[in-house]
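Have a look at the structure below, then the notes.
Protein chains in written order, with this note's numbering: chain A, 429 to 734; chain B, 805 to 1125.
And the structure:
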């Protein structure tokens, strides 16, 4: 009897010790995660706070954690044609930036998703001689970085006078190997090809079958890829600044506006500069906050399948 | 008679749709990727600036890789090798920090024994820097770590009395590089964590249970169970990061004050951009550098791919037996 209680005590003691160890570990890990969270958010937080502060305060105090009262002044300066001798309006125009980035991002997203769907559908539903070769080719080219072809691309576009034009920024999205690959994987697991046969028997044309039946069924895969395509296009600085050679303000995309305002020596109002940068990331941050759960899941989804 | 007419008709009729459906992709790819790649190859054997139409044979490659007697040849060789060195330094620094942090977080987030509260929130916040425009991130850090006493960090350190004079965070060789490494890790660790987690979630929890009954420690389980099973996704992460590293452009290109790019931050991709984006473009140098980078990317990709398949191949053969 006494012996039994002793062993019972010792096991419960060991269990309690184990539980305490686990709890201690959990707390340590939580604290580390909080620190990493702070590091992740701090630069963005300072950016937003500094956008509301007066330039002199930023210069004399550096960092502050409380917002200042100069947001309206900063906005006015950013859009004031007379401020800094017109330097602001000559390098940064929010509406042009939003408009141009939106046009390019929406067009290339739609093209990339639609034509990738079409390609993946063609490779899944039909049997033809080069089907396997085409699929292997798409997988093989997925990793080729755009930078290594950009010299030839630029020279080519200059020779056919397509520089200073959005066409070479939008049309290449028709061929997005990574998106095709993702949709191929998705179709493998959740697109029964019998459905196509059924549509044929009902007299539906091949292209209409794709539009009416496949597109709605592939909507979840499209949604994930569309978000990533949109964000990637919005954030792209390399290709637009490479191809829009004249760098006209009416044509600049949002990242180009940021680079123009930072490269301008005549501009030294820090509060306004922080505001200009903050406004450039506003749309993607809003998209992210609305769709974050979806996006976070999408990253992992792409990887499991990749 | 009827039979023989119907059968081939049914087999042939749909194949053409397959070609029609995939045609736009291949036409666009040929026009915007394959021809530009061939064109890059051709341009790499042609001259620069005013002599861009002249054939120069292997001169661009020779100057870039080995230099020559002319001063121009040596300066371009010097710049090219510096840019390749910078690429390696910046990639290694960023990748090591990123990978250690991401592995740790991925293991923690998917640990079934020790659950961290608010994992969903942490994941969302840690991925946030990846979604933000790289050009804006560069601008943000440029203002925070400005060289002069007007930079936010400098003015803070001066106020606290930790510094006597402003420290040139951007212009200093190593602080500039460390800053780029930090920014790159800051932007990408969330993405890498999510990728690695998706691999860890594929591991059957029963394996860990069995191991812990057998008395395995956490470290032991990590190196003996998690890492081997994680290998394919790990290699995927390494390849994509390597290729991403060779492309590293926005941050090193934009992180400078004034009009000239920091030579200590000039990566291979910046080198290429710089030469084809001049008023009279030096297509020859940038094309030759592009082809070198292309070959490098392909070789690295194949080496890592081989490394992956070679060690798993014997197992598969055994299983087949």
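Cβ atoms here follow ideal geometry from the backbone N, Cα and C, with glycine treated the same way.
Test: residue 682 of chain A CB closer than 8 angstroms to a CB of chain B: Closer than 8 angstroms: yes.
Over what stretch of residues does the alpha helix (DSSP H) that includes residue 963 of chain B continue unbroken? Where residue 963 of chain B is concerned, the enclosing alpha helix (DSSP H) stretches over 956–964.
For residue 929 of chain B and residue 469 of chain A, which I take to be in contact (beta-carbon distance under 8 angstroms), what is that distance rounded to the nearest angstrom? In this structure residue 929 of chain B is in contact with residue 469 of chain A, their Cβ atoms being roughly 6 angstroms apart against a cut-off of 8 angstroms.
Curious, which full-length alpha helix (DSSP H) runs of at least 4 residues does the segment 652–704 of chain A contain? The segment 652–704 of chain A contains these whole alpha helix (DSSP H) runs: 666–671 and 682–691.
Quick one: residues in its chain with C-beta nearer than 7 angstroms to the C-beta of residue 694 of chain A, no 5 flanking neighbours on either side, listed in chain order? So the qualifying residues of the chain are 512, 513 and 515.
Go through its chain and collect everything with a Cβ distance to residue 979 of chain B's Cβ below 6 angstroms, but skip five positions before and after it. Excluding residues within five positions, the ones whose Cβ falls inside 6 angstroms are 973.
Identify the continuous alpha helix (DSSP H) that holds residue 875 of chain B and give its terminal residues. For residue 875 of chain B, the enclosing alpha helix (DSSP H) begins and ends at 875–913.
Using 10 angstroms around the beta-carbon of residue 473 of chain A, count the other beta-carbons present and answer buried if the total reaches 16, otherwise exposed. With fewer than 16 other Cβ atoms within 10 Å, it is exposed.
Specify the secondary structure class of residue 919 of chain B as computed by DSSP and reduced to three states. Shown here, residue 919 of chain B sits in coil according to DSSP, grouped into three states, outside any helix or strand.
Cutoff 8 angstroms: residue 1106 of chain B Cβ touching any chain A Cβ: Chain A contact via Cβ: absent.
Shorter than 8 angstroms from the beta carbon of residue 632 of chain A to some beta carbon of chain B? So, not an interface residue.
Along chain A, in chain order, which residues have C-beta atoms closer than 7 angstroms to that of residue 944 of chain B? Those within 7 angstroms of residue 944 of chain B in chain A are 471, 475 and 705.
Give me the chain A residues within the contact set of residue 1081 of chain B, using Cβ-Cβ distance strictly less than 7 angstroms, ordered along the chain. Correct list: 670.
Which bits of chain B does residue 620 of chain A rub up against, with CB to CB less than 8 angstroms? Residues of chain B passing the Cβ test: none, with the nearest at roughly 17 angstroms.
Quick check on residue 850 of chain B: does DSSP put it in helix, strand or coil? In this structure, residue 850 of chain B counts as strand in the three-state DSSP scheme.
Measuring CB to CB, does residue 844 of chain B end up less than 8 angstroms from residue 579 of chain A? Yes. Within cutoff.
Verify the CB distance criterion: does residue 867 of chain B have a CB-CB separation below 8 angstroms to chain A? No, because no Cβ of chain A sits closer than 8 angstroms to the Cβ of residue 867 of chain B.
Is residue 1077 of chain B buried or exposed, if buried means 16 or more other CB atoms sit within 10 Å of its CB? Around the Cβ of residue 1077 of chain B, a 10 Å sphere holds 16 or more other Cβ atoms; the residue is buried.
Would the beta-carbon of residue 1062 of chain B fall within 8 angstroms of that of residue 888 of chain B? No, these two residues do not count as a Cβ contact at 8 angstroms.
For chain B, find out if any of its Cβ atoms is closer than 8 angstroms to the Cβ of residue 550 of chain A; answer yes or no. With its beta carbon less than 8 angstroms from one in chain B, residue 550 of chain A belongs to the interface.
Counting only beta-carbon atoms, is residue 910 of chain B nearer than 8 angstroms to chain A? No, residue 910 of chain B lies away from the interface with chain A (no Cβ there is under 8 angstroms from its Cβ).
When you check each C-beta in the segment 916–939 of chain B against every C-beta of chain A, which residues fall closer than 9 angstroms? Flagged, chain order: 917, 918, 919, 920, 921, 922, 923, 924, 925, 926, 927, 928, 929, 930, 931, 932, 933, 934, 935, 936, 937, 938 and 939.
Report buried or exposed for residue 714 of chain A, applying the criterion of at least 16 other Cβ atoms within 10 angstroms of its Cβ. Around the Cβ of residue 714 of chain A, a 10 Å sphere holds fewer than 16 other Cβ atoms; the residue is exposed.
Check the Cβ-Cβ distances between residue 589 of chain A and every residue of chain B, and say whether any is below 8 angstroms. False, the Cβ-Cβ gap to chain B never drops below 8 angstroms.
Taking three-plus beta-carbon pairs below 8 angstroms as touching, is the segment 822–841 of chain B in contact with the segment 544–564 of chain A? Two segments are said to touch when three or more pairs of C-beta atoms, one from each, lie closer than 8 angstroms; by this definition the segment 822–841 of chain B touches the segment 544–564 of chain A.
Rounded straight-line distance, which links the Cα of residue 532 of chain A to that of residue 683 of chain A: Taking the Cα positions, residue 683 of chain A is about 13 angstroms away from residue 532 of chain A.
Cutoff 8 angstroms: residue 547 of chain A Cβ touching any chain C Cβ: The structure shown contains no chain C; its protein chains are A and B.
Classification of residue 659 of chain A by the beta-carbon crowding that lies within 10 angstroms, buried from 16 upward: In the assembly as shown, residue 659 of chain A is a buried residue. Its beta-carbon has 16 or more other beta-carbons within 10 Å.
Beta carbon proximity, residue 877 of chain B to chain A, threshold 8 angstroms: Output row for residue 877 of chain B: interface = no.
Sorted by chain position, which residues of the same chain lie with C-beta nearer than 6 angstroms to residue 970 of chain B's C-beta, five sequence neighbours on each side aside? Within the same chain, residue 970 of chain B has close Cβ partners 952, 953 and 958.
Beta-carbon neighbours of residue 840 of chain B, restricted to chain A and to distances below 7 angstroms: Simply 577, 580, 581 and 584.
Quick check: is the beta carbon of residue 814 of chain B nearer than 8 angstroms to any beta carbon in chain A? Here residue 814 of chain B scores only 48 on pLDDT, less than 50, and its place in the model should not be relied on; the value that follows carries that caveat. Not flagged as an interface residue toward chain A: residue 814 of chain B, since no C-beta distance is shorter than 8 angstroms.
Assuming contact is defined by CB atoms lying nearer than 8 angstroms, are residue 663 of chain A and residue 891 of chain B in contact in what I supplied? No Cβ-Cβ contact shorter than 8 angstroms links residue 663 of chain A with residue 891 of chain B.
For residue 867 of chain B, the residue or residues it bridges with in DSSP: Residue 867 of chain B pairs with nothing; no bridge assigned.
Hey, which unbroken runs of the alpha helix (DSSP H) at 4 residues or more fall wholly within the segment 1050–1114 of chain B? For the segment 1050–1114 of chain B, whole alpha helix (DSSP H) runs of length 4 or above, ordered along the chain, are 1054–1058 and 1072–1080.
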